[in-house]
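Read the structure below first, then the notes.
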Amino acid sequence: LNLAVWTALYLGVVTWRARREGTPPSREGVTLLALAALFGVTFTLWDPTPDLGFLNALTLTLCLGLGSAALRFPGLARVIVVSGLLQGSHAVFYTFSAIHWQAAGISPFLVGLLWATAVGSEVCLFLFGRRLVERMGPRRLALAAAVLAAIRWGIFAETVWPPALFLANALHAASFGMMHLAAMRLVFALAPPGQASTAQTLHMALGPGLFIGVVTFASGPLYAAFGGGAWWFAAGLCVLAIPVAAGLARR
Numbered sequence: 632l633n634l635a636v637w638t639a640l641y642l643g644v645v646t647w648r649a650r651r652e653g654t655p656p657s658r659e660g661v662t663l664l665a666l667a668a669l670f671g672v673t674f675t676l677w678d679p680t681p682d683l684g685f686l687n688a689l690t691l692t693l694c695l696g697l698g699s700a701a702l703r704f705p706g707l708a709r710v711i712v713v714s715g716l717l718q719g720s721h722a723v724f725y726t727f728s729a730i731h732w733q734a735a736g737i738s739p740f741l742v743g744l745l746w747a748t749a750v751g752s753e754v755c756l757f758l759f760g761r762r763l764v765e766r767m768g769p770r771r772l773a774l775a776a777a778v779l780a781a782i783r784w785g786i787f788a789e790t791v792w793p794p795a796l797f798l799a800n801a802l803h804a805a806s807f808g809m810m811h812l813a814a815m816r817l818v819f820a821l822a823p824p825g826q827a828s829t830a831q832t833l834h835m836a837l838g839p840g841l842f843i844g845v846v847t848f849a850s851g852p853l854y855a856a857f858g859g860g861a862w863w864f865a866a867g868l869c870v871l872a873i874p875v876a877a878g879l880a881r882r
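This note's numbering puts the first residue of the sequence shown at 632, with every later residue one more than the last.
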């Protein structure tokens with residue numbers, strides 16, 4: 632109870648200070664800070680062994696510090712939320728794809744090729760996709776990534792037919808690569824002079840880092856309950872990202 636009270640007071644003070652300084656936090660920023668606090672509190676209370684007590688307290692402090700720092704960068708919170716939802720949706724894939732496909736009778740060699748297809752498509756985008764990135768801009772890149780990622784996870788949820796899986800894994804260039812490129816461009820555009828590295832740290836910690844961590848914990852119970860249907864949860868995260876991505880800067 633004391634922990635909850637102190638966390639609520641902390642959130643209130645951070646928000647009040649931001650308003651007093653003339654930079655009211657955005658709705659996305661406050662939501663992000665609340666999620667960081669919830670994540671930190673969860674890990675502080677979850678203490679299966681006494682040895683983890685200090686580590687969990689450090690996690691809470693880090694989450695609250697990063698969450699409050701994100702409020703200092705106008706527009707960054709929206710990028711973090713979109714990036715976090717899309718990259719976090721990959722957690723089910725990272726954790727259970729090989730297990731799921733081998734259980735369906737797909738050989739380890741073919742599973743390796745499926746993963747190689749995903750990585751190869753991402754690398755190809757990074758090597759040869761500059762013109763595409765320049766033409767679409769970060770907002771449309773993020774929107775395309777969200778839509779194509781939802782399609783990708785829907786395919787995984789409904790079939791283990793190898794040709795469909797290869798097609799879906801080729802979409803890794805969109806679900807991961809396009810979102811990453813959009814986020815990098817926006818992070819550096821939104822960061823004040825001399826603070827690009829700080830903005831990048833906040834993005835990686837509170838976006839992909841935080842969301843992948845949370846969804847990874849959730850993916851175990853989801854896969855145990857629904858099997859391949861757990862990818863519909865991942866698709867839902869991508870659908871949630873679409874209206875948030877629509878509000879991103881165009882350039």
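No residue lacks a Cβ here, since even glycine has one placed at the ideal position from N, Cα and C.
With three or more CB-CB distances shorter than 8 Å, the segment 726 to 744 counts as touching the segment 791 to 798. Between the alpha carbons of TRP862 and PHE727 lies a distance of about 10 Å.
Out of ALA880, SER720, GLY838, PHE848, the CA that lies nearest to the CA of ARG783 is found in SER720.
Closest by C-alpha distance to MET809, out of GLY706, GLN718, PRO874, is GLN718.
Sequence-distant partners of LEU853 (beyond 5 residues in either direction) whose C-beta falls short of 6 Å from its own C-beta, in its chain, are ALA861, PHE864.
Within a 10 Å sphere around the beta-carbon of PHE807 sit 16 or more other beta-carbons, which makes this residue buried.
Membership of MET809 in any alpha helix (DSSP H) is not indicated, and neither H nor E is assigned to it by DSSP. Taken in chain order, the unbroken stretches of alpha helix (DSSP H) that lie wholly in the segment 728 to 785 and span 4 residues or more are 739 to 759. Going by C-alpha positions, LEU779 is about 17 Å away from PHE757. Taking every protein chain shown into account, the CB of VAL750 has fewer than 16 other CB atoms within 10 angstroms, so this residue is exposed.
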